[in-house]
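First the structure, in the form of structure tokens, and then the observations on it.
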Amino acid sequence: MYYLTAEASFDGAHFLSGYEGKCSNLHGHRWRVILKIKANELQAEGQQRGMVVDFGDVKNALKKETDFFDHTFIYEEGSLKETTVAALKDEDFLMRVVPFRPTAENFSKYFYEKFEEYGFEVAEVTVYETPNNCASYSK
0 MYYLTAEASF
10 DGAHFLSGYE
20 GKCSNLHGHR
30 WRVILKIKAN
40 ELQAEGQQRG
50 MVVDFGDVKN
60 ALKKETDFFD
70 HTFIYEEGSL
80 KETTVAALKD
90 EDFLMRVVPF
100 RPTAENFSKY
110 FYEKFEEYGF
120 EVAEVTVYET
130 PNNCASYSK
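Okay, so the sequence shown: first residue is 0 according to numbering that gives the first Met the number 0, each after it adds one.
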């Protein structure tokens, strides 16, 4: 089995609705996303001969998906009052609403599924919420 690994990071704020503790408050992280792609065989022909996939394609996909969240406020759908969302939008804050609690665990699955949509044979996605704490998802 061959493995190809690439990583990117983004800065984003979030909070955990319904959590009792510090993470219930708005705070930020340098999120680090590590994408691991697998292949039984290397490509045999063409420009990508001898490769799992082109690193450029992987880096572009990773950059696109992580840039979407960079310097945004990420929040779970339904976790804020409509008036709060309206006020933040009125202040021109860039916000990203997600259909899940924005944890490293949920982000690892989210990114796994996103990269599958690119046609990559994803082995695993790991998301670091802090330099020492991460969560991984694989099937």
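From the three backbone atoms N, C-alpha and C, an ideal C-beta is built for every residue, glycine too. Model, not experiment: these values are computed from the prediction.
A Cβ-Cβ distance of about 7 Å is found for the pair Glu-6 and Leu-34, placing them in contact under the 8 Å criterion. In its chain, beyond the 5 residues on either side, Val-121 have a beta carbon closer than 8 Å to the beta carbon of Glu-115. Annotated three-state conformation of Gly-27 is strand, per DSSP.
When secondary structure is reduced to three states using DSSP, Ala-134 falls in the strand class. Pairing Asp-10 with Glu-76, the inter-Cα distance amounts to about 20 Å.
For the options Arg-31, Leu-3, Phe-14, the alpha carbon positioned closest to that of Asn-131 is the one of Arg-31.
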